[in-house]
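Accompanying notes for the structure given below.
Protein chains: 2
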Amino acid sequence: MNSPASNPEQVPKAVVARLSLYLRELQQLLNDDTHTVSSQVLGTRLGVTGAQVRKDFTYFGQFGYPGVGYRCDELIAEIKRILGTDQTWPVALIGCGNLGQALLGYRGFQKQGFDVVAAFDISPKLIGTEVAGLTVQDIQTLSEWVDKENISLVILAVPAEAADQVVEAILKSGVTGILNFAPVTLKLPKRIQVVGVDLAIELEQLAFGVAKFN
Amino acid sequence: MNSPASNPEQVPKAVVARLSLYLRELQQLLNDDTHTVSSQVLGTRLGVTGAQVRKDFTYFGQFGYPGVGYRCDELIAEIKRILGTDQTWPVALIGCGNLGQALLGYRGFQKQGFDVVAAFDISPKLIGTEVAGLTVQDIQTLSEWVDKENISLVILAVPAEAADQVVEAILKSGVTGILNFAPVTLKLPKRIQVVGVDLAIELEQLAFGVAKFN
DNA sequence: GCATGTGAATTCTTTCACAGCT
DNA sequence: AGCTGTGAAAGAATTCACATGC
């Protein structure tokens, strides 16, 4: 089964991951004044086949023009709609150490439809200080902010040791998605989505890829 | 085909990715004074089946004890050996802005076998300044450092616009692996491995996961 | 002619289920 | 009894190849 407008429930994760890559590439193409692209060209730029590109889109509808390819601007709009980033998501950042502060200053989020509207920490040393134009709030007030600012997503940038404690506060709030930079597996009810980014793991994967050629 | 000591060439990426997760979980278990674990328990903690765990290991050998499970310390050592992180990798960081500086201060790399031994930038404003105990070097001197310090891996934490320019310098050096935080697809000969981490893309994936339940 | 969209074929991954070891 | 290691079966994902449309 693979009809258009599929129940998103059954779209493979790998397809959604590629959607983001297509989006990034299409934005780049448009930036270079390329307004039309074939599945073949788009795929090659990302190391996948044209068939793969076309098949991926069939999960969501028909966006191309036979004989022509895809219009970059249209396809960008479609992918954003699919991913849900055609509107801006207010996001909270938790953990204002090294990494958290860097993420607060990162422009890339804004550009793709995410607005970091509040920053939190557990440390009294940081609470009340200003970072990248935001005043760091006490994690205990997360719930209020979530309600007030309509926050669904949080970026978790705390050390491994602090993760469980912070998760408690998250569970008491209405947050439904966590981008987790803490190098631990979070124990969460499955109504809460998690995407984990472990920086050391990414380097490990790279090391393996490099080492296997020796 | 799936015999022990497989040619790493043909080990699926997904298997290697799980290896890193197993490693992290095993270190956690050992930390909690658990010295032995079954494939079932290890898998459940990560959301995979016991069969999956056992099958993954068969790509590399036989590490378990029937009736008992796996010894955490032994399995940790095996996985590190497989990933190549039983020895420390000297790493260079390129791009000492927001994110780069945060990565320089990140302890998680050291803990998993990576040592950031040098930092580079293109900006004269940053070159010569000290960040996290390292003096920022001119990117033009990368090649010398790579030779002197035996660097194979670099962490690329520059803005999208600077990526191509920096890639030139990387190509002139003997670097064979790039952990790429720039939100662009790098054009590289295939002898150079790339692992890409696009922070905005990770948030997009999360947004999709959250939105599909509405 | 050129490129999409899509069933069918293929290839890859995961799960099953059980023999064999502790 | 308990758990690993592994062929065989099932299930997914990718690629092929071509009918259809511009």
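Read top to bottom, the protein sequences are chains A and B. Note that the numbering used here numbers the first sequence so that position 174 is 1136, with each residue one more than the last. Note that the numbering used here numbers the second sequence so that position 169 is 1131, with each residue one more than the last. We put the beta carbon where it would ideally sit given N, CA and C, even for glycine.
*Per DSSP, what kind of secondary structure is Thr921 of chain B in: helix, strand or coil?*
Lying before the first or after the last residue shown, residue 921 of chain B is absent from chain B, which here runs from 963 to 1176.
*Is it true that the CB of Leu1008 of chain A sits closer than 8 Å to the CB of Gln988 of chain A?*
For the purposes of this step, residue 988 of chain A is taken as the residue at position 26 of the first sequence. For the purposes of this step, residue 1008 of chain A is taken as the residue at position 46 of the first sequence. This sequence places Leu at residue 988 of chain A; Gln is not what is there. It is not a contact, given that the beta carbons lie outside the stated cut-off.
*Taking Val1078 of chain B as part of the beta strand (DSSP E), name the residues at either end of that continuous run.*
Walking along the second sequence from the start, residue 1078 of chain B turns up at place 116. Element bounds for Val1078 of chain B: Phe1076 to Asp1083.
*Name the chain A residues whose beta carbon is nearer than 8 Å to that of Val1159 of chain B?*
In the second sequence, counting from the first residue as 1, residue 1159 of chain B sits at position 197. Here the neighbours are Val1159, Leu1161 and Glu1164.
_So with CB distances below 7 Å, who are the chain A contacts of Gln1155 of chain B?_
As a working note, residue 1155 of chain B is residue 193 in the second sequence. Residues of chain A passing the Cβ test: Leu1168, Gly1171 and Val1172.
*Report yes if the CB atom of Ile1117 of chain B is closer than 8 Å to the CB atom of Leu1133 of chain B, and no otherwise.*
Taking the first residue of the second sequence as 1, we reach residue 1117 of chain B at position 155. Taking the first residue of the second sequence as 1, we reach residue 1133 of chain B at position 171. Contact: no.
*Contacting residues, own chain, Cβ-Cβ under 7 Å from Val977 of chain A (five flanking each side not counted)*: Within the first sequence, residue 977 of chain A is the residue found at index 15, counting from 1. So the qualifying residues of the chain are Asp1018 and Tyr1021.
*If Leu1096 of chain B sits next to Ala1119 of chain B, beta carbons under 8 Å apart, how far is it from one beta carbon to the other, in whole angstroms?*
For the purposes of this step, residue 1096 of chain B is taken as the residue at position 134 of the second sequence. For the purposes of this step, residue 1119 of chain B is taken as the residue at position 157 of the second sequence. That pair is no contact at about 14 Å.
_Amino acids of chain B, ordered along the chain, whose beta-carbon sits closer than 7 Å to that of Glu987 of chain A_ = Walking along the first sequence from the start, residue 987 of chain A turns up at place 25. What Glu987 of chain A touches in chain B: Thr1147.
_Which residue marks the beginning of the beta strand (DSSP E) containing Asn1142 of chain B, and which one marks its end?_
If you number the second sequence from 1, residue 1142 of chain B lands on position 180. Start and end: Gly1139 to Asn1142.
_I need the boundaries of the beta strand (DSSP E) containing Val1003 of chain B, first residue and last residue._
Translated into the one-based positions of the second sequence, residue 1003 of chain B becomes position 41. That residue, Val1003 of chain B, is in no beta strand (DSSP E); its alpha helix (DSSP H) goes Ser1001 to Leu1008.
*How is the alpha helix (DSSP H) around Gly1158 of chain B delimited, first residue to last?*
Residue numbering aside, residue 1158 of chain B sits at position 196 when the second sequence is read from its first letter. Here Gly1158 of chain B belongs to no alpha helix (DSSP H); instead the beta strand (DSSP E) covers Gln1155 to Gly1158.
*Should Lys1087 of chain B be flagged as near chain A, meaning a C-beta pair shorter than 8 Å?*
As a working mapping, residue 1087 of chain B is identified with position 125 in the second sequence. So no, Lys1087 of chain B is outside the interface.
*Which bits of chain A does Arg1007 of chain B rub up against, with CB to CB less than 7 Å?*
Counting from one through the second sequence, the residue named residue 1007 of chain B turns up at place 45. Here the neighbours are Thr1147.
*So Ala1054 of chain A is in the beta strand (DSSP E); what residue range does that whole segment cover?*
Position 92 of the first sequence, counting from 1, holds the residue named residue 1054 of chain A. Trp1051 to Ile1056 is the extent of the beta strand (DSSP E) around Ala1054 of chain A.
*For Ser1105 of chain A, which residues from the same chain have a beta carbon less than 6 Å from its beta carbon, with the 5 sequence-adjacent residues on both sides left out?*
The residue you call residue 1105 of chain A lines up with position 143 of the first sequence. Closer than 6 Å at Cβ, skipping near neighbours: Lys1134 and Ser1135.
_DSSP has Glu1092 of chain B in a bridge; who is on the other side?_
If you number the second sequence from 1, residue 1092 of chain B lands on position 130. B:Thr1097.
*What does Gly1090 of chain B touch in chain A if you count any residue whose Cβ is under 9 Å from its own?*
Here residue 1090 of chain B is taken as the residue at index 128 of the second sequence, counted from 1. In chain order: nothing, as chain A lies at least about 21 Å away.
*asked:* Cutting at 8 Å between CB atoms, please list the residues of its own chain near Lys1042 of chain A, excluding the five before and the five after it.
replied: Stepping through the first sequence from its first residue, residue 1042 of chain A is reached at position 80. Contacts found: Leu985, Asp1048 and Gly1075.
*Start and end of the alpha helix (DSSP H) containing Glu1161 of chain A?*
Counting from 1 along the first sequence, the entry for residue 1161 of chain A is found at position 199. In the sequence as displayed, the identity of residue 1161 of chain A is Leu instead of Glu. Here the alpha helix (DSSP H) through Leu1161 of chain A covers Leu1161 to Ala1173.
*Cβ pair count under 8 Å reaching 3, the stretch 1049-1063 of chain B against the stretch 1055-1068 of chain A*: yes
*Quick one, which residues of the stretch 1044-1064 of chain B are near chain A if we go by CB-CB under 9 Å, in chain order?*
Ile1044, Leu1045, Gly1046, Thr1047, Trp1051, Val1053, Gly1059, Asn1060, Leu1061, Gly1062, Gln1063 and Ala1064
*Local Cβ density within 10 Å of Tyr1027 of chain B, reported as buried at 16 or more and exposed below that*: Residue mapping note: residue 1027 of chain B aligns to position 65 of the second sequence, counting from 1. Exposed: under 16 other Cβ atoms inside 10 Å.
*Say whether chain A places a C-beta atom closer than 8 Å to the C-beta of Phe1076 of chain B.*
To locate residue 1076 of chain B, count along the second sequence from 1; it is residue 114. By this cut-off, Phe1076 of chain B is an interface position.
*Quick one: Cα of Asp1077 of chain B to Cα of Phe1071 of chain B, how far?*
For the purposes of this step, residue 1077 of chain B is taken as the residue at position 115 of the second sequence. For the purposes of this step, residue 1071 of chain B is taken as the residue at position 109 of the second sequence. The straight-line gap from Cα to Cα measures roughly 7 Å.
_Please return the same chain residues whose Cβ sits closer than 8 Å to the Cβ of Val1157 of chain A, not counting the five positions on each side in sequence._
Position 195 of the first sequence, counting from 1, holds the residue named residue 1157 of chain A. Same-chain partners within the cutoff: Gly1139, Ile1140, Leu1141 and Asn1142.
*Taking 8 Å as the CB-CB limit, is Ser1000 of chain A close to chain B?*
As a first step, residue 1000 of chain A must be located in the first sequence, where it is residue number 38. No, its Cβ sits nowhere closer than 8 Å to a Cβ of chain B.
_Tell me which residues share the same chain as Val1010 of chain B and place their Cβ nearer than 8 Å to its Cβ, disregarding the 5 neighbours each side in the sequence._
What you label residue 1010 of chain B is simply residue 48 of the second sequence in a count that begins at 1. The residues are Arg980.
*For Ile1117 of chain B, which of helix, strand or coil comes out of DSSP?*
As a first step, residue 1117 of chain B is located in the second sequence; it is residue number 155 there, counting from the start. Looking at Ile1117 of chain B - three-state DSSP - the assignment turns out to be strand.
*Give the residues from the stretch 1128-1145 of chain A that approach chain B closer than 7 Å (Cβ to any Cβ), ordered along the chain.*
Thr1138, Gly1139, Leu1141 and Pro1145
*With 8 Å set as the bound, which would you pick, yes or no: does the beta-carbon of Leu1104 of chain B sit closer than that to a beta-carbon of chain A?*
Here residue 1104 of chain B corresponds to residue number 142 of the second sequence, with the count starting at 1. For Leu1104 of chain B, the answer is no, since every Cβ of chain A falls outside 8 Å of its Cβ.
*Give the single residue among B:Thr996, B:Gly1023, B:Asn993 and B:Tyr1032 whose Cα lies nearest to the Cα of Gly1012 of chain B.*
By 1-based counting over the second sequence, the position of residue 1012 of chain B is 50. Answer by Cα proximity: B:Tyr1032.
*Does the beta carbon of Tyr1068 of chain A sit closer than 8 Å to a beta carbon anywhere in chain B?*
Along the first sequence, one-based indexing puts residue 1068 of chain A at 106. It does: the Cβ of Tyr1068 of chain A has a partner Cβ on chain B nearer than 8 Å.
*In the structure shown, what three-state DSSP assignment does Gly1046 of chain A receive?*
On the first sequence, position 84 is the one that residue 1046 of chain A refers to. In this structure, Gly1046 of chain A counts as coil in the three-state DSSP scheme.
*Would you mind reading off the limits of the alpha helix (DSSP H) that contains Asn1177 of chain B?*
A query on residue 1177 of chain B cannot be resolved here, the shown segment of chain B reaching from 963 to 1176 and no further.
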